[in-house]
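Undergrad: Under this note's numbering, the first residue of the sequence shown is numbered 747, with each subsequent residue one higher. Note that the Cβ used here is the ideal one computed from N, Cα and C, for glycine as well. Predicted model only: the values in this text are computed from it and were never measured. The structure is given below, and queries will be raised subsequently.
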Amino acid sequence: VKKSKAAAETAAAQNATAARKRWNCKRLLVATGMYKENIPQWDGVHLTESYGEVTLDPTHYANKTVAVIGGGNAAFEVVEALMGETAVIRQFARKKSMAENTHYPGSLRSVNAVALDNDKLKTLDVYFHHPFPLHHIKIRREVYRGQERLCIVGPDEERRAARVNSSWGDRVERGHSLTNRERFV
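Shown next, in the form of structure tokens:
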């Protein structure tokens with residue numbers, strides 16, 4: 747199915763907007779693979795921990811801001827396991843595709859879509875961000891407010907770095923929590 751020119755331009759504008767955002771964390775969980783972990787070749791990916799390396803014990807994340815990068819079933823299983831314990835969960839994915847819409851067995855199963863309901867209904871602090879240009883980010887270590895965090899940087903970060911001056915979520919843990927320095931909503 748071909749996309750219309752307007753739809754393509756809208757998607758490009760959304761990707762460009764997300765690319766200018768900046769997130770920070772002490773830990774980053776990458777949940778981007780089906781059957782076998784698919785670890786992207788981002789600059790700084792060695793600073794992260796993948797789905798197979800972290801605990802899913804919800805008490806480990808109590809009252810913390812948590813971010814999950816990935817939009818598949820594994821990522822949604824992580825989000826669902828942590829809902830209710832964390833202060834905020836932010837999930838970032840390239841696209842949102844449900845299995846009933848795509849007819850592809852690897853797409854999100856409705857049983858794992860509880861987080862999408864929470865995002866839409868605002869019943870818990872779960873936010874789903876898409877489209878998000880996952881292939882164009884860099885990860886680097888930086889000190890912010892006296893704490894070391896991982897900084898998630900989009901392609902336009904260098905031009906915007908001087909304007910970054912605010913933060914939400916100061917209870918973060920290395921690897922799972924992204925702190926948006928530009929109040930991404």
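Given a threshold of 16 other Cβ atoms within 10 Å of its Cβ, counted over all protein chains shown, does residue 805 qualify as buried or as exposed?
TA: Walking along the sequence shown from the start, residue 805 turns up at place 59. When all chains shown are included, residue 805 counts as exposed.
Undergrad: Sort 767, 831, 813, 759 by Cα distance to residue 775 and report the nearest one.
TA: Counted from its first residue, the sequence shown places residue 775 at position 29. Among 767, 831, 813, 759, the Cα nearest to that of residue 775 is on 813.
Undergrad: Of the choices 769, 815, 809, whose alpha-carbon is the least far from that of residue 784?
TA: Taking the sequence shown and counting its residues from 1, the one referred to as residue 784 is at position 38. Checked all of 769, 815, 809; the closest Cα to residue 784 is 815.
Undergrad: Can you give me the start and stop residues for the beta strand (DSSP E) that residue 825 sits inside?
TA: For this step, residue 825 is matched to residue 79 along the sequence shown. Per DSSP, residue 825 lies in no beta strand (DSSP E); the unbroken alpha helix (DSSP H) holding it starts and ends at 819-828.
Undergrad: Which term fits residue 823, buried or exposed, when burial requires 16 or more other beta carbons within 10 angstroms of its beta carbon?
TA: Here residue 823 is taken as the residue at index 77 of the sequence shown, counted from 1. Result: buried.
Undergrad: Is any heavy atom of the ligand ZN found at a distance shorter than 6 Å from the C-beta of residue 790?
TA: Of ligands this structure carries none, so the ligand ZN is not represented either.
Undergrad: To the nearest angstrom, report how far apart residue 796 and residue 894 are at their CA atoms.
TA: The count along the sequence shown starts at 1 and reaches residue 796 at position 50. The count along the sequence shown starts at 1 and reaches residue 894 at position 148. Answer to the nearest angstrom: the Cα atoms are 19 Å apart.
Undergrad: Using a threshold of 7 Å, state whether the C-beta atoms of residue 884 and residue 789 are closer than that.
TA: Locating residue 884 in the sequence shown gives position 138, counting from the first residue. Locating residue 789 in the sequence shown gives position 43, counting from the first residue. The answer is yes: Cβ separation under 7 Å.
Undergrad: What does DSSP give as the partner residues of residue 814 in its beta bridges?
TA: Position 68 of the sequence shown holds residue 814. For residue 814, which the question treats as bridged, DSSP gives the partners 775, 837.
Undergrad: How many angstroms separate the CA atom of residue 759 from the CA atom of residue 832?
TA: In the sequence shown, the residue the question calls residue 759 occupies position 13. In the sequence shown, the residue the question calls residue 832 occupies position 86. Looking at the two C-alpha atoms, the distance is approximately 31 Å.
Undergrad: Using C-beta distances below 8 Å, list every residue in its chain close to residue 793, excluding the 5 sequence neighbours before and after it, in chain order.
TA: Residue numbering aside, residue 793 sits at position 47 when the sequence shown is read from its first letter. Around residue 793: 774, 885, 886, 887, 896.
Undergrad: Can you give me the start and stop residues for the beta strand (DSSP E) that residue 888 sits inside?
TA: Position 142 of the sequence shown, counting from 1, holds the residue named residue 888. Here the beta strand (DSSP E) through residue 888 covers 884-890.
Undergrad: For residue 786, which option in 751, 800, 772, 839 has the closest C-alpha, if you only look at C-alpha atoms?
TA: Taking the first residue of the sequence shown as 1, we reach residue 786 at position 40. Of 751, 800, 772, 839, the residue nearest in Cα terms is 839.
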